[in-house]
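Asks: Pasting in a structure now, in structure tokens, and then I'll have a few things to ask.
Residue numbers (my numbering): 25 to 412.
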């Protein structure tokens with residue numbers, strides 16, 4: 025059984041199995057009350073195959089939408105007026121029997137698009153999503169937003185940690201009894217990392233697995249900052265492989281293992297900045313200006329850090345206050361943006377700085393560096409790549 029727009033015989037056939045996992049999209053110019061840009065109104069549930077409304081020997085999607093589809097706001101989708109020709113789909117009864125057999129064996133899908141029950145061997149691969157709008161800019165914005173949400177999800181899968189994660193991590197570390205305590209008390213722990221620091225790092229590397237996990241477990245002190253590894257894994261899961269590009273001859277690329285199809289993971293922020301500059305997906309940066317607010321860098325000071333701060337003691341209070349104020353003011357230049365943000369912070373002896381995602385007016389990982397609460401910590405150079 026297939027459905028086809030009865031007013032457009034050239035539109036192509038779409039199987040009901042694909043239709044059952046489709047998305048209803050609304051745009052400003054199409055549906056009153058739907059904000060610009062286009063937004064997902066609802067997922068069409070799998071059960072649509074068994075409850076299409078029949079009018080004059082035609083079957084339409086409207087009844088299913090009215091009766092069962094729940095919008096992303098939690099309310100039922102209500103359509104007003106009589107069914108129109110564009111809403112009616114013709115049914116090819118010649119292959120109805122075979123589709124019914126497939127329907128009987130298909131798995132129920134979860135509310136989130138694309139998630140299924142454990143046994144997914146019988147599930148058909150959906151067709152690529154297609155959208156319709158008479159507002160080209162709105163549809164581009166919607167697709168861009170959708171891609172950003174996917175990328176952000178991969179990042180948060182690496183970043184977020186809960187209490188159970190920490191319990192399981194401690195149990196893994198303590199398979200060698202007393203190891204966590206030895207890590208904390210070791211003379212190699214020159215930066216005074218605490219139990220929580222080691223546990224949180226172990227969780228992130230465990231999610232990547234492969235040789236990089238073994239490297240951490242054997243020598244955790246130089247790899248306890250995981251911000252670059254988190255972004256590396258998110259980039260790879262999104263479809264951007266980490267490779268040794270120009271200027272990365274001495275970069276620390278770790279073998280990631282089976283969890284990322286034997287690809288590589290970067291460890292250092294400086295190496296990731298170089299990779300992003302050379303990558304065809306992101307590219308070189310120009311200095312920030314009123315006309316360049318997409319891919320840019322901005323340097324807040326040029327003088328030597330030890331002329332400003334020494335051993336966490338402020339040497340030039342006036343200049344430090346000025347730099348910190350500039351850090352805070354620059355926050356407004358990032359409002360409304362989405363992308364990758366890297367910060368060079370000289371106050372840290374164990375890292376070049378920090379790298380994460382930025383969304384609208386804040387860091388996705390909930391860090392605070394514009395400005396940092398600690399007076400001696402401030403950003404020297406900020407790098408930003410807009411997600412597009």
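Where a beta carbon is used, it is the ideal one built from N, C-alpha and C, also for glycine.
Could you check if residue 362 is buried or exposed, using at least 16 other CB atoms within 10 Å of its CB as the buried criterion?
Replies: buried
Asks: When the distance is taken between beta carbons, is residue 291 closer than 7 angstroms to residue 247?
Replies: Result yes, Cβ atoms of residue 247 and residue 291 sit closer than 7 angstroms.
Asks: By how many angstroms is the C-alpha of residue 201 removed from the C-alpha of residue 259?
Replies: 35 angstroms
Asks: Starting from residue 372, follow its DSSP beta bridges and name the residues at the other end.
Replies: Beta-bridge pairing links residue 372 to no other residue.
Asks: Nearest-angstrom Cα distance between residue 338 and residue 400?
Replies: 7 angstroms
Asks: Enumerated in chain order, which unbroken segments of the alpha helix (DSSP H) with a length of 4 residues or greater are wholly contained in the region 160-247?
Replies: 160-183, 187-197, 203-209, 219-232, 235-242
Asks: Got a sec? Which residues, its chain only, sit under 7 angstroms from residue 348 by beta carbon, not counting five neighbours each side?
Replies: Excluding residues up to 5 positions away in sequence, 395, 402 lie with their Cβ nearer than 7 angstroms to the Cβ of residue 348 in the same chain.
Asks: DSSP on residue 253, reduced to helix/strand/coil?
Replies: helix
Asks: Examine the Cβ distances between the region 174-194 and the region 214-229 and report whether three or more of them are shorter than 8 angstroms.
Replies: yes
Asks: Who are residue 329's beta bridge partners in DSSP?
Replies: Residue 329 pairs with nothing; no bridge assigned.
Asks: Quick check: the Cα distance between residue 181 and residue 261, rounded to an integer number of angstroms?
Replies: 10 angstroms
Asks: Could you tell me whether the region 363-370 touches the region 404-412, using the rule of 3 or more Cβ pairs below 8 angstroms?
Replies: yes
Asks: Only counting the same chain, and skipping five residues up and downstream in sequence, which positions put a Cβ closer than 8 angstroms to that of residue 332?
Replies: 325, 338, 339, 340, 343, 344, 347
Asks: Residues bridged to residue 322 by DSSP?
Replies: 406
Asks: Are the beta-carbon atoms belonging to residue 379 and residue 296 less than 7 angstroms from one another?
Replies: yes
Asks: Can residue 223 and residue 194 be called in contact, C-beta distance under 7 angstroms?
Replies: yes
Asks: Which residues mark the beginning and the end of the alpha helix (DSSP H) in which residue 352 is found?
Replies: Taken as a continuous stretch (DSSP letters only), the alpha helix (DSSP H) holding residue 352 covers 341-354.
Asks: Can you grab the Cα-Cα spacing for the pair residue 212 / residue 234, in whole Å?
Replies: 24 angstroms
Asks: When the distance is taken between beta carbons, is residue 302 closer than 7 angstroms to residue 4?
Replies: An answer regarding residue 4 cannot be provided, because it is not within the stretch 25 to 412 covered by the chain.
Asks: Residue 299 by DSSP, collapsed to three states: which one?
Replies: helix
Asks: Taking only beta-carbon positions, decide if residue 352 is within less than 7 angstroms of chain C.
Replies: Of the protein chains in the structure, only one exists, and it is not chain C.
Asks: Are residue 252 and residue 293 closer than 7 angstroms when you measure CB to CB?
Replies: yes
Asks: According to DSSP, simplified to helix, strand and coil, what is residue 269?
Replies: coil
Asks: Based on the DSSP secondary-structure assignment, which residues constitute the bridge partners of residue 381?
Replies: 364
Asks: Can you give me the C-alpha to C-alpha distance between residue 207 and residue 186, rounded to a whole angstrom?
Replies: 22 angstroms
Asks: Based on the DSSP output, what are the partners of residue 386 in its beta bridges?
Replies: 383
Asks: Using DSSP bridges, identify the partner residues of residue 338.
Replies: 333
Asks: Report the three-state DSSP secondary structure of residue 359 (helix, strand or coil).
Replies: coil
Asks: Determine the burial state of residue 377: buried for a count of at least 16 other Cβ atoms within 10 Å of its Cβ, exposed for fewer.
Replies: With 16 or more other Cβ atoms from the protein chains shown falling within 10 Å of its own Cβ, residue 377 counts as buried.
Asks: Between residue 216 and residue 168, what straight-line distance do the alpha-carbon atoms span, to the nearest angstrom?
Replies: 42 angstroms
Asks: Roughly how far, in whole angstroms, is the beta-carbon of residue 388 from the beta-carbon of residue 179, given that I think they are within contact range, below 8 angstroms?
Replies: Between residue 388 and residue 179 a beta carbon distance of about 7 angstroms is seen, short of the 8 angstroms cut, so the two are scored as contacting.
Asks: In angstroms, rounded to a whole number, what distance separates the CA positions of residue 263 and residue 335?
Replies: Straight-line Cα distance between these residues: approximately 42 angstroms.
Asks: Count the other CB atoms, across all protein chains shown, that sit within 10 Å of the CB of residue 254; report buried if there are 16 or more and exposed otherwise.
Replies: buried
Asks: Identify the residues that DSSP records as bridge partners of residue 313: which are they?
Replies: 316
Asks: Mapping DSSP to helix, strand and coil, what is residue 259?
Replies: Secondary structure at residue 259: helix, using DSSP grouped into helix, strand and coil.
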